[in-house]
Amino acid sequence: MEMSSQREIRAIDPTWTLAQLRAHLDKAIKGDGPALTPSPISVKTVPAEISLVVSTSGSTGDAKEVGLSAAALLASSRATNNFFGAKAGQTWSLLLPLTHIAGINVLMRSLELGTTAIDGRQITGAYPYADFTAVVPTQLFRALNGDSHLREHLCSAKAVLIGGAALDSKLADQARTAGINIVESYGMTETCGGCIYGGLAIGGTSFAIDGNGLIKISSEMLASTYLNDPSGWGSKFKNGYFLTSDLGEIINGKLKIIGRADDVIVTGGENISLLKIEAIIHQVFPEIECAAFAIADPQWGQALHLAIAGSVKPDSAAINEILSKQISAAAKIKGIIYLDRLPRIALDKVNRQELAAIAKREGK
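Taking numbering that gives the first Met the number 0, I'd label the letters of the sequence shown as residues 0 to 363.
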């Protein structure tokens, strides 16, 4: 990418109304104003083609400052609106933080439809009607477990995008039974958010699985660079495909997400999926929130631990009996921490590093 031509970058003012932010975003996309960023970054100017910089925030690893072009952002918003058959004048509601690409995308899709997103982030009563919206699984869980206003809002929408974290199959079934038209989204900041809906690519995106089981993506929605790690960005590409850190498989032409490569640990010489651990426990104890994580251990290599939030507190013996039967003898919990709530990062993803730190402090 040509780096000589630069443009100013401006931080999004949290006091801006959505109408004001829409105007600034429109100028950034057209090149009539500075590029925008929702969070502090390491640079004061960016390459001219960059319209938005969004910092990633993973449960492991360092954050990357992802530079997104106007072309990529527009391709993403148009592909999503086309997927849903959205027409000019229809509306999206904003229920996600603007520090994440998923929140910005709601504004971009609204911009394409000639409307301003309906701000639902601070609403405590009834929500205004919106044709479309996007939430994370935790919000869907709350809507189906006591938040009647949010539930009504989701039920009334023509479609609800669900992304940001793994969606439990039981929760998905409950949502559909309740009349919520959910569409599972897969993507990341580097792909301008969701580029695969319901296992199918949108907007000219293509996907494949590499020899290590990792998902790779080719798309006009791809970012331009990591501003704080250009060489790292280059290393992510091979034969025109961006290599993700997610494991997947293709079944009947549809992409199935297995989980992040770093969500698979090796304990007692066996590979164990943390997501599978969580799914099994949630099936038996649906009223709790849980997260599996690992701590380095001289005997096991990585010792499997569990964090539980909720009123029900099953003990390790009961859990280990279930895991041993459904996975293997190696899938045994070596320690449990009980919390009021699980620590989370962007889009309600569980912070496994923080859980490991808590467990170490408690001597688990």
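The C-beta atom is built at its ideal place from N, Cα and C for all residues, glycine as well.
In terms of Cβ geometry, Lys275 and Gly198 do not form a close pair [threshold 8 Å]. Put simply, the backbone Cα of Ser155 is about 43 Å away from that of Asn238.
Between the C-alpha atoms of Asn251 and Ile208 there is a straight-line separation of about 14 Å. When DSSP reads this structure, His304 sits in a beta bridge with Phe292, Gly334. Fully contained in the region 179 to 241 are the following alpha helix (DSSP H) runs of length 4 or more, in chain order: 229 to 233. Here Phe83 carries a helix assignment [DSSP, helix/strand/coil]. Between Glu64 and Leu221, the CB-CB gap reaches or exceeds 8 Å. By alpha-carbon distance to Arg6, the top candidate from Leu17, Leu35, Ala295 is Leu35. By the C-beta density criterion, Lys43 is exposed, having fewer than 16 other C-beta atoms within 10 angstroms. Rounded to whole angstroms, the gap between the alpha carbons of Ile181 and Ser4 is 42 Å. The DSSP-derived three-state label of Gln282 is helix. Residue Glu219 holds the alpha-carbon nearest to the alpha-carbon of Ser76 among Glu219, Ile8, Gly145.
In this structure, the straight-line span from the alpha carbon of Ala87 to that of Met107 is close to 13 Å.
A buried status is given to Pro37, since no fewer than 16 other beta-carbon atoms sit within 10 Å of its beta-carbon. Relative to Pro313, the option among Gln325, Ala293, Ala328, Glu288 whose CA is nearest is Glu288. With fewer than 16 other beta carbons inside 10 angstroms of its own, Gln121 counts as exposed.
Here the region 92 to 110 makes no contact with the region 292 to 307; the two share fewer than three CB pairs at distances below 8 Å. The DSSP-derived three-state label of Asn350 is coil. Contact between the region 293 to 300 and the region 337 to 347 is not established, with fewer than three Cβ pairs separated by less than 8 Å. The beta-carbon distance between Ser50 and Leu72, rounded to whole angstroms, is 6 Å. This is short enough to meet the 8 Å contact definition.
With fewer than 16 other Cβ atoms inside 10 Å of its own Cβ, Gln298 counts as exposed.
Rounded to the nearest angstrom, the Cβ distance from Glu361 to Ile336 is 6 Å, consistent with a contact under 8 Å. The criterion of a C-beta distance shorter than 8 Å is satisfied by Val134 and Val159.
Assigned with DSSP and collapsed to three states, Asp262 falls in helix.
Bridge partners of Arg175 according to DSSP: none are assigned.
When DSSP reads this structure, Arg9 sits in a beta bridge with Leu35. Gly162 and Ala78 do not touch by the CB rule: their CB atoms are close to 14 Å apart, not below 8 Å. The beta carbons of Leu242 and Lys235 sit closer together than 8 Å. Only residues of its own chain outside the window of five on either side were considered, and among them Thr266, Gly267, Gly268, Glu269, Ile271 have a CB closer than 8 Å to the CB of Ala329, listed in chain order.
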